[in-house]
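Chemist:
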Amino acid sequence: MITYLGYVFIFWGTIAFLISAVGLIRMPDIYTRMHVGTKSTTMGIILVILGAICIEPSWALKLILLAIFILLTNPLSSSVIARASHKDGATLELDELKKVEK
Amino acid sequence: MTGFIILSTFIGLIIVSFAAIIQKKIADSIILFMGVGLGSVVLFYLFKAPDVALTEAVISAGISSLIFLMALKHLGEQK
Amino acid sequence: MNRRKISIKRELPTATLSGFVLSALLILTILNILLQNMPHKIETAGDLLLKLNTTEGVANAVTTVVVYFRGFDTLGEISVLFIASMGIGLMLRSNTKCNIKSESNFMLQTASKILFPVILLFGTYVMIYGHLSPGGGFQGGVIIASGVLLLLISDKAFEVPHSVIVALETFAGVSYVLIGLIGLLVLDTFLGNFLPHDISQMGMLLSGGIIPLIYIIVGIKVGSEMSMIVQNLIKRSDDV
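Heads up: the protein sequence lines correspond to chains A, B and C, in order. Just add 598 to wherever you are in the first sequence, counting from 1, and you've got this note's numbering. Just add 11 to wherever you are in the second sequence, counting from 1, and you've got this note's numbering. Just add 65 to wherever you are in the third sequence, counting from 1, and you've got this note's numbering.
(1) Would you say ARG667(A) faces chain C, with C-beta separation under 8 angstroms as the test?
(2) Can you give me the C-alpha to C-alpha distance between ILE662(A) and VAL191(C), rounded to a whole angstrom?
(3) Closer than 9 angstroms by beta-carbon distance: list the chain C residues that pair up with VAL47(B), in chain order.
(4) Would DSSP call SER302(C) helix, strand or coil?
(5) Compute the beta-carbon to beta-carbon distance between ILE208(C) and ILE179(C), rounded to the nearest angstrom, for a pair I have assumed lies under 8 angstroms.
(6) Which ranges would you report for the alpha helix (DSSP H) in the stretch 147 to 214 of chain C if only whole runs of at least 4 residues count?
(7) Using a Cβ-Cβ cut-off of 6 angstroms (strictly less than) and excluding sequence neighbours within five positions of ILE153(C), which residues of its own chain qualify?
(8) Measure from the C-beta of THR81(C) to each C-beta in chain B and report whether the shortest distance is under 8 angstroms.
(9) For THR94(C) and VAL47(B), what's the separation of their Cα atoms in angstroms?
(10) Just tell me which of PHE79(B), ILE37(B), LEU18(B), ILE32(B) has its CA closest to the CA of GLY50(B).
(11) Near MET291(C), which residues of its chain fall below 7 angstroms by C-beta distance, leaving aside the five closest residues on each side in sequence?
(12) What residue range does the alpha helix (DSSP H) around LYS637(A) cover?
(13) Using CA atoms only, rank isn't needed, just tell me which of LEU690(A), LEU669(A), GLY687(A) is closest to THR639(A).
(14) Can you name the residues of chain C whose CB is closer than 8 angstroms to the CB of LEU18(B)?
(15) State the DSSP-derived secondary structure class of MET66(C), mapped to helix, strand or coil.
(16) Which value, in whole angstroms, describes the spacing of the CA atoms of TYR241(C) and THR235(C)?
(17) Any beta carbon from chain C within less than 8 angstroms of ARG681(A)'s own beta carbon?
(18) Pair every Cβ in the stretch 667 to 682 of chain A with every Cβ in the stretch 603 to 622 of chain A, then say whether three or more of these pairs are closer than 8 angstroms.
(19) For chain B, is any of its Cβ atoms less than 8 angstroms away from the one on LEU298(C)?
(20) Is THR689(A) helix, strand or coil when you go by DSSP?
(21) Could you check whether LEU252(C) and GLY245(C) sit closer than 8 angstroms to each other, using their CB atoms as the reference points?
(22) Which residues, in order along the stretch 63 to 85 of chain B, keep a beta-carbon less than 8 angstroms from a beta-carbon of chain C?
(23) Return the chain-ordered list of same chain residues with a C-beta closer than 8 angstroms to the C-beta of ILE275(C), the five sequence neighbours on each side being excluded.
(24) Starting from the beta carbon of PHE203(C), find every residue of chain B whose beta carbon is closer than 7 angstroms, and list them in chain order.
(25) The alpha helix (DSSP H) that contains SER240(C), what's its start and end?
(26) Going along chain A in order, which residues have a C-beta closer than 9 angstroms to the C-beta of ALA210(C)?
(27) When the Cα atoms are used, what is the spatial distance from LEU622(A) to VAL634(A)?
(28) Cα separation between LYS697(A) and ILE647(A)?
(29) My output table needs one value for PRO61(B): the three-state DSSP class, helix, strand or coil.
(30) For a quick check, are the C-beta atoms of LEU690(A) and TYR629(A) less than 8 angstroms apart?
(31) Give the C-beta separation of ASP220(C) and GLN174(C) to the nearest angstrom, bearing in mind that I take them to be a contact with Cβ-Cβ under 8 angstroms.
(32) Please decide whether PHE55(B) counts as near chain C, where near means a Cβ-Cβ distance under 8 angstroms.
(33) Taking only beta-carbon positions, decide if MET291(C) is within less than 8 angstroms of chain B.
(34) Rounded to the nearest angstrom, what separates LYS84(B) and GLY687(A) at their Cα positions?
(35) By how many angstroms is the C-alpha of PHE181(C) removed from the C-alpha of GLY212(C)?
(36) Could you name the residues of chain B that GLY200(C) contacts, counting a contact when the two beta carbons are closer than 8 angstroms?
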């Protein structure tokens with residue numbers, strides 16, 4: 599029974615990956631692309647790891663360590679990319695904040 | 012099923028490596044080269060060589076692309 | 066507000082792409098024909114390797130080949146890496162001045178302090194368990210070098226101490242050759258496995274004779290050399 603629960607988790611995780619991949623093509627500029635590429639990828643990886651834990655409970659310790667590592671590194675890399683692109687002078691394609699400033 | 016995955020990885024690998032050759036900017040082709048490394052990691056794993064896959068993953072993703080990028084930074088973008 | 070239409074076609078030329086797909090299909094067809102005419106003996110190569118593997122008491126087949134049967138080859142690879150590191154060190158001699166222009170932010174500085182011990186631990190794990198699971202000296206060394214790279218990016222003042230690197234590298238190189246020569250004296254082959262290696266202990270951490278020892282040495286050497294290469298490339302006194 600718990601194996602099927604694992605398959606359901608993995609299915610939803612891959613759906614999150616698919617949404618992320620579509621978003622990477624669909625979004626116009628680097629900030630929104632980074633947003634899509636980080637958030638849904640983190641969720642997808644966590645769901646896939648949960649599914650793997652349900653299927654093989656003996657790997658639980660290593661997989662939880664892996665999940666913690668990904669939760670540590672993924673936001674870090676996205677923040678570094680955002681900082682670098684801001685320094686490089688990347689702008690938003692659809693800038694709603696310009697209206698507010700005027 | 013495994014054969015289908017191997018076949019599609021082969022096709023993707025060939026397409027990505029040709030795309031890496033024809034890029035105008037060098038930085039783009041370095042990023043595509045990282046994609047070639049990723050595809051070959053999958054292939055090595057499917058061909059039952061996890062050792063080689065681990066080496067390829069560590070070296071292509073971690074070190075070699077980074078060394079390329081740093082060398083590019085030192086040389087400057089040449090036309 | 067007009068939404069800009071985003072299409073993939075804008076960036077990828079269709080004619081060249083279809084050419085690539087066609088050539089890919091051609092290559093695949095040729096590969097398929099070639100692989101079908103292979104002799105069937107290729108399937109038994111794995112079994113032969115496993116039989117050799119049990120004589121050595123190492124659970125990982127690739128390790129047996131790389132370290133035991135081709136130990137001399139590994140020595141050559143290590144010296145190639147050493148020469149590459151030396152060349153980069155000669156060409157890009159690094160002074161204490163650093164040309165990273167921008168400060169790294171607070172997040173990266175904090176996270177690198179947390180992540181560096183984890184990466185070091187993982188590299189050591191890959192190194193020590195090289196004879197039992199996928200991994201080994203080269204991989205572990207490169208993982209440790211990537212941890213050093215994280216520290217170099219995040220902290221402007223950090224620098225790998227040159228004397229420590231020299232000591233580690235010399236120690237590793239000399240002990241590799243010495244272990245190989247002891248094997249040559251005792252068992253008449255370079256890198257002969259002179260330590261006890263029972264097949265009954267296969268799969269334990271302390272098994273496999275000298276092979277884990279060699280992997281640790283290779284890991285130390287590769288890690289220090291790669292750290293030095295990365296540091297020389299990042300820090301450089303003059304601007305181009």
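The beta-carbon is built from N, C-alpha and C at its ideal position, and this holds for glycine as well.
Modeler: Short version:
(1) Per the sequence shown, the amino acid found at residue 667(A) is Phe instead of Arg. Closer than 8 angstroms: yes.
(2) 18 angstroms
(3) Chain-order list of chain C residues neighbouring VAL47(B): empty, with the shortest C-beta distance near 14 angstroms, by a criterion of under 9 angstroms.
(4) Annotation note: pLDDT 48 at SER302(C) (below 50); position unreliable, coordinate value reported separately. Here SER302(C) sits in coil by DSSP.
(5) Not a contact, Cβ separation roughly 17 angstroms.
(6) 171 to 193
(7) ILE294, ASN297
(8) Chain B has a Cβ within less than 8 angstroms of the Cβ of THR81(C).
(9) In this structure, the straight-line span from the alpha carbon of THR94(C) to that of VAL47(B) is close to 21 angstroms.
(10) LEU18(B)
(11) GLY206, VAL207, ALA210
(12) Its alpha helix (DSSP H) spans residues 628 to 653.
(13) LEU669(A)
(14) LEU93
(15) Low per-residue confidence applies at MET66(C): pLDDT is 45, beneath 50, and the placement is therefore not dependable, though the value from the model is reported in the following sentence. Residue state, collapsed to three classes: coil.
(16) 10 angstroms
(17) yes
(18) no
(19) yes
(20) coil
(21) Cβ atoms of GLY245(C) and LEU252(C): not closer than 8 angstroms.
(22) VAL63, ALA64, LEU65, THR66, VAL69, ILE70, GLY73, ILE74, LEU77, ILE78, MET81, ALA82, HIS85
(23) ILE244, GLY248, LEU256, ASN258, PHE259, LEU260
(24) THR66
(25) 227 to 252
(26) Simply none; closest approach about 17 angstroms.
(27) 7 angstroms
(28) 43 angstroms
(29) In the structure shown, PRO61(B) sits in a helix (DSSP, three-state: H, G or I).
(30) yes
(31) In this structure ASP220(C) touches GLN174(C) by the C-beta definition: roughly 7 angstroms separates them, less than 8 angstroms.
(32) no
(33) yes
(34) 18 angstroms
(35) About 6 angstroms.
(36) Within chain B, the C-beta atoms nearer than 8 angstroms to that of GLY200(C) come from ASP62, LEU65, in chain order.
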